[in-house]
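Peer 1: For what it's worth, our numbering labels the leading residue of the sequence shown as -2, then goes sequentially.
All C-beta atoms in this analysis are idealised placements derived from N, C-alpha and C, irrespective of residue type, glycine included.
Treat the numbers as computed from the prediction; the structure is a model and nothing was measured.
Quick one: this structure, given as structure tokens, is what I'll be asking you about.
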Amino acid sequence: MTLPARAIGTPLDRLDGPEKVTGTARYAFEQPVTNPAYLYPIQSTIAAGRIVDIDDGAAVALPGVLAVLTYRNAARVASTDDPEIAILQTDRVTFRGQFVGAVIAETSEIARHAAALVRFEYRSVPHDVALRFDHPDRYVPEVTNGGFPPETERGDPDGALAGAAIRHEAVYTTPRYHHNPIEPHSTVALWEDGRLTLHVGSQGVHRLRTAIATLFGIDPERIRVISPHVGGAFGSKLHAHADTSLAVLAAMAVPGRPVKLALTRQQMFSQVGYRTPTIQRIQLGAGPDGRLVAVTHVAVQQTARDKEFTEQTATPTRVMYAAPHRRTRHWTVRLDVSTPTIMRAPGETPGMYALESAMDEMATACGQDPVEFRIANEPELDPEQDRPFSSRNLVACLREGARRFGWAGRDPTPRARRRAGWLVGTGVAASVYPVYRLPGSSATIRLGADGRYEVLIGAADMGTGTWTALAQIAADALDAPMDRVTLRIGDTALPEAVAAGGSTGMNAWGSAVVEAARRLKTRLAEEYGGTVPAAGIEASAEMPDNPEMRRFSMYAFGAQFAEVRVHEDTGEIRVPRLLGVFAAGRIINPKTGRSQLLGGMTQGLSMALYERAVVDPRFGHVVNHDLAEYHIATNADVGSVEVHLLPEHDPYVNPMGAKGIGELGIVGTAAAIANAAYHATGVRVRDLPLTLEHFLDGPSGPVSPA
Ligand code: MOS
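Rendered as structure tokens:
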């Protein structure tokens, strides 16, 4: 059953918008606290080895310094199961930039100055920070992020490839990417009377509380995490990182005083995770009719020496196209680097760059139009699970996108269109993102005698629109107008909820809110005869199980189209136009929803053209660790971006009929741009980003009329 809609589907302005644009919305670092102390971290200057000596005399003697923390005096943690956050426990260094100490002082300036006065002596051991496809230490992990098996295989992919009439095999690489939310990772930590209060910009307050409680062996009931507003995250604020544990260690060293820590932009490049670089090999085999018989996708990726994280990069290939013979595999390599983490559409973003580039190359090899080639290889059932999709409108997205973009009549010949010195091309790629439904969300709704509702849930808004969209779901579930509903989120004092991750927030929180509303209405009718008592009433519910998840494969789909211009003499690349058509179930708020997809496509453009962390193999650090040199698309880099949403009715995903949209928009954008760049120039770029030097040597592809 799908919830009938009144508020749902309305393009409401963000309810938190006025607070944000007037600067009154408080982020973590701005929470008013009494007599704060300030924390400044000290980072290792070697990539691997041990600390052999520490001289903190000058720092300790500096007026205003409260303490210098190192592994020698920091509190012992209760669990070292997560080495990323179990810091200052030993003399061991496992990546360059690791927190090896910190200064707590009366001002942030004193803390920073004193941190520079602490002398560390190290004994280095040889390090390795270079990922290679054939790295001798690569291994298949037990599981990837998201709980997926690292390998799948069906039929005889090697035999089918050997016998295929048309074959394509290539290696695609993506660099290390950083989230770079506008709000730097910040923590205010207060340890007082055995209780810990944390103000942290967080994608999930309860998840963070669990991590800190486990790390320090503190009863979770004695920890409160508060996070009403988050200034962007893209995945970097989902898992706990070392900055938060450092702030807690510092708070324990100065009990009763709130300790404030905001990372600098440069510190974030080694502290809050990043998207692993990937080296991916795709093999496609097709019959003479252009129908795929085999597809394989293997990805080699890195993780930290002590902590495993494997991005699920090959998983989208498991659902995209029909082919009887198939294989996917993930290899992980432990290097002397900090731990990678989830970043917007982990898996799908790098994986679909490779697959959708390869599909473009294969369409060319088969002499087929890339839109028609994809449609011809559309599966009827999930090709690895053999079950139906709850809804799958990829073909409709491709057709509608082609119509709106003006794809018809496209001459497939590369390097055939010139305009005033610019080579012009167009490209297409598909988008996909799973519908996840993680258990563990509950909601409480209170109804007062004044007819006002309070909806309580420990959900998060990292800038995505939760404050507004979740209130819209609640209003419809309660049959109430929006102005009678007050939402409270972002606090562990509220009912426990899953983090905002995997585009699952609306699904999980919305389903819990709908269930709590149903119970509240039932209580009101059955126990109170429809009249609210003076004291008010309340009802709570957990997100119910959805058995349909086991009957159907559930995904959102989209099609991305790009126009690219590459300057014939300089290789400069511009993207005057992006157009995306998405089918993602019912859209709760078309305004904030469109912004999500627009932002995703823009981040995909940024990935295609600019973003790349450069690691110096001699020292193991990111050289371009600031926004001056880690380039992110700015307004002048982005041309027209059109977002179109297909009406999609999916009664199986959840009571709202809504799929996640926070990540779908970034998936496929880079491939659409790379494919358009090939069409413009005849140069096939298999290594992101599409910097101008790729185009200066002229066409590498099979067709060159020039
Ligand atoms: Mo998202 S990368 O799952 O926070």
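#1: Could you pull the start and end residues of the alpha helix (DSSP H) that glutamine 264 belongs to?
#2: Assuming leucine 687 contacts alanine 674 under a Cβ cut-off of 8 Å, what Cβ separation, rounded to an integer in Å, is found between them?
#3: State buried or exposed for asparagine 632, treating a residue as buried only when at least 16 other CB atoms are found within 10 Å of its CB.
#4: State buried or exposed for glutamate 166, treating a residue as buried only when at least 16 other CB atoms are found within 10 Å of its CB.
#5: Indicate, with yes or no, if ligand 1 has a heavy atom lying under 7 Å from the CB of glycine 232.
#6: For a minimum of 4 consecutive residues, which ranges assigned as the alpha helix (DSSP H) are wholly contained in the segment 204 to 253?
#7: Enumerate in chain order the residues of its own chain whose CB-to-CB distance from leucine 642 is below 6 Å, with the five nearest sequence positions on each side excluded.
#8: Tell me the DSSP secondary structure of arginine 86 in three-state form.
#9: Please report how far the alpha carbon of valine 49 lies from the alpha carbon of tyrosine 119, in whole angstroms.
#10: Just to confirm before moving on: does the CB-CB distance between aspartate 216 and alanine 210 stay below 8 Å?
#11: Mapping the DSSP letters down to three states, classify leucine 661 as helix, strand or coil.
#12: In this structure, does DSSP put histidine 628 in helix, strand or coil?
#13: Report yes if the CB atom of leucine 467 is closer than 8 Å to the CB atom of alanine 514, and no otherwise.
#14: In the DSSP assignment, find the unbroken beta strand (DSSP E) run with leucine 494 in it and report its ends.
#15: Alpha carbon to alpha carbon, how far is glycine 20 from asparagine 177? Give it in angstroms, no decimals.
#16: So what does DSSP say about tyrosine 607, is it helix, strand or coil?
#17: Can you grab the Cα-Cα spacing for the pair aspartate 79 / threonine 338, in whole Å?
#18: Can you give me the C-alpha to C-alpha distance between arginine 204 and glycine 527, rounded to a whole angstrom?
#19: Comparing alpha-carbon positions, which option in His691, Val18 and Arg683 lies nearest methionine 706?
#20: Taking C-alpha atoms, which residue in Asp10, Arg135 and Pro573 lies nearest to glycine 422?
#21: Pull up the CB-CB distance for threonine 489 and glycine 659, whole angstroms please, since I reckon it's below 8 Å.
#22: Evaluate contact between the segment 443 to 452 and the segment 151 to 171, counting only Cβ atoms and requiring at least three cross-stretch pairs below 8 Å.
#23: From glutamine 557 to leucine 195, what distance separates their C-alpha atoms?
#24: Can we count isoleucine 486 as close to ligand 1, meaning its CB is less than 7 Å from some heavy atom?
#25: Below 7 Å, is the gap between the Cβ of glycine 460 and the nearest heavy atom of ligand 1?
#26: Going along the chain, which residues of its own chain have a beta-carbon closer than 7 Å to the beta-carbon of arginine 219, five neighbours each way excluded?
#27: Compute the minimum distance between the beta carbon of methionine 249 and the heavy atoms of ligand 1, and state whether it is under 7 Å.
#28: So, for proline 702: in the same chain, excluding its five sequence neighbours on each side, which residues have a beta-carbon less than 7 Å away from its beta-carbon?
#29: Is valine 137 helix, strand or coil when you go by DSSP?
#30: For chain D, check one thing: does any of its Cβ atoms lie closer than 8 Å to the Cβ of glycine 636?
#31: Check whether the Cβ atoms of valine 222 and serine 242 lie closer than 8 Å to each other.
#32: Who does tryptophan 506 pair with in a DSSP beta bridge?
#33: Under 8 Å Cβ to Cβ from lysine 17, same chain only, skipping five residues before and after it: list those, please.
#34: Per DSSP, phenylalanine 117 forms a beta bridge with which residues?
#35: Go ahead and pull the three-state DSSP assignment for serine 537.
#36: DSSP three-state call for phenylalanine 26: helix, strand or coil?
Peer 2: Short version:
#1: In this chain, the alpha helix (DSSP H) harbouring glutamine 264 covers 262 to 268.
#2: Sure, about 6 Å apart at Cβ, within 8 Å.
#3: It is exposed - the Cβ of asparagine 632 has fewer than 16 other Cβ atoms within 10 Å.
#4: That one is exposed.
#5: Checking every heavy atom of ligand 1 against the Cβ of glycine 232, one is found closer than 7 Å.
#6: If we require 4 residues or more, the alpha helix (DSSP H) runs fully inside the segment 204 to 253 come out as 239 to 250.
#7: Non-local beta-carbon contacts of leucine 642 in its own chain, meaning distances under 6 Å to residues more than five positions away in sequence, involve Phe579 and Ile584 in chain order.
#8: It is glutamine, not arginine, that sits at residue 86 in the sequence shown. Glutamine 86 falls in the coil class under three-state DSSP.
#9: Between valine 49 and tyrosine 119, the C-alpha separation is close to 5 Å.
#10: Yes, Cβ-Cβ distance for aspartate 216 and alanine 210 is below 8 Å.
#11: If DSSP states are grouped into helix, strand and coil, leucine 661 belongs with the helices.
#12: For histidine 628, the three-state secondary structure derived from DSSP is coil.
#13: Cβ atoms of leucine 467 and alanine 514: not closer than 8 Å.
#14: Just to set this straight, residue 494 is alanine in the shown sequence, not leucine. No beta strand (DSSP E) contains alanine 494, which DSSP labels as neither H nor E.
#15: Spanning the alpha carbons of asparagine 177 and glycine 20 requires a straight line of approximately 21 Å.
#16: Coil.
#17: C-alpha separation (whole angstroms): 13 Å.
#18: Their Cα atoms are separated by approximately 38 Å.
#19: There is simply no residue 706 to check, as the chain begins at -2 and stops at 703 in what is shown.
#20: Answer by Cα proximity: Pro573.
#21: About 22 Å separates the two Cβ atoms, so there is no contact after all.
#22: Taking a cut-off of 8 Å on C-beta distances, the segment 443 to 452 does not touch the segment 151 to 171, as fewer than three cross pairs fall below it.
#23: Taking the Cα positions, glutamine 557 is about 41 Å away from leucine 195.
#24: Checking the Cβ of isoleucine 486 against ligand 1 gives no.
#25: Answer for glycine 460: no, Cβ out of range of ligand 1.
#26: Only Gly191, Arg192 and Leu193 meet the Cβ criterion.
#27: Within the chosen limit of 7 Å, ligand 1 does not reach the beta carbon of methionine 249 with any heavy atom.
#28: Annotation note: pLDDT 35 at proline 702 (below 50); position unreliable, no value reported.
#29: Shown here, valine 137 sits in coil according to DSSP, grouped into three states, outside any helix or strand.
#30: Protein chain content of the structure displayed is limited to a single chain, and chain D is not contained in it.
#31: Result no, Cβ atoms of valine 222 and serine 242 do not sit closer than 8 Å.
#32: Residue pairing of tryptophan 506 in beta bridges, as defined by DSSP: absent, with no partner found.
#33: Excluding sequence positions up to five before and after lysine 17, its CB lies within less than 8 Å of the CB of Arg11 and His226, all in the same chain and listed in chain order.
#34: Answer by DSSP bridge pairing, in chain order: Ile51.
#35: Strand, per DSSP.
#36: Helix, per DSSP.
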